[in-house]
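Report on one structure; see the data block that follows.
Residue numbers (UniProt numbering): 1 to 204.
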């Protein structure tokens with residue numbers, strides 16, 4: 001692990017625990033480098049590195065990831081999506097359904113790591129409530145699974161569990177094509193730059 005220097009057989013799951021702790025404000029001891037503060041990479045934990053920008057392509061049978069992080073390791077997307085009792089981390093790349101995505105559904109689209117979704121919402125879709133921000137518009141139910149963190153994931157990371165989030169819009173939301181005033185060309189690092197924001201490189 002580039003942050004704590006410990007050996008691990010599953011860097012994605014291991015790094016996910018560091019990222020989840022950081023996202024909840026839990027300070028870990030023994031880290032040689034801190035988790036990046038803006039959309040940390042799910043493999044190296046850093047922010048602002050162009051090689052860590054991530055895209056996801058979905059077909060009928062597979063999901064294909066496109067990124068060039070030096071610490072990237074192969075993993076089975078379906079397994080990462082489900083998690084397990086031994087490795088509950090479900091920090092995987094997801095495509096935000098609230099964003100505008102050009103092109104066909106089967107093309108590569110800018111993706112966001114699941115544990116970064118709340119930060120993504122705060123920046124690009126601030127009108128919505130979510131588990132980390134209980135004030136706002138009800139959150140579309142068809143998008144909720146993209147950011148939901150299960151109690152077993154919180155327990156594994158050693159973070160306090162949150163109260164159940166119930167401000168969810170149960171009916172289909174036909175206005176998911178974009179949040180008001182938040183249309184943009186993409187998500188993640190490149191999308192933030194395109195929106196006029198900036199990300200400083202951090203860690204490593």
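From the three backbone atoms N, C-alpha and C, an ideal C-beta is built for every residue, glycine too.
| Item | Value |
| --- | --- |
| Of the residues 14, 5 and 36, the one placed nearest residue 92, counting alpha carbons only | 14 |
| Paired residues, beta bridge with residue 168 - DSSP | 139 |
| DSSP state of residue 56 mapped onto helix, strand, coil | strand |
| Residue from 4, 105 and 17 whose Cα sits closest to the Cα of residue 157 | 17 |
| Three-state secondary structure (DSSP) of residue 130 | strand |
| The beta strand (DSSP E) enclosing residue 63, as first and last residue numbers | 63–66 |
| Residue 35 versus residue 28 - alpha carbon distance | 10 Å |
| Cβ neighbours of residue 6 in the same chain (closer than 7 Å, five flanking residues each side left out) | none |
| Endpoints, the alpha helix (DSSP H) within which residue 46 is located | Taken as a continuous stretch (DSSP letters only), residue 46 belongs to no alpha helix (DSSP H), as it is neither H nor E. |
| Buried versus exposed call for residue 39 [16 or more other C-beta atoms within 10 Å across all chains shown] | buried |
| Exposure label - residue 80; buried when at least 16 CB within 10 Å | buried |
| CA-to-CA distance, residue 41 to residue 234, given in whole angstroms | In the structure as shown, the chain begins at 1 and stops at 204. Residue 234 is therefore absent and cannot be evaluated. |
| Whether residue 169 touches residue 138 by CB criterion (7 Å) | yes |
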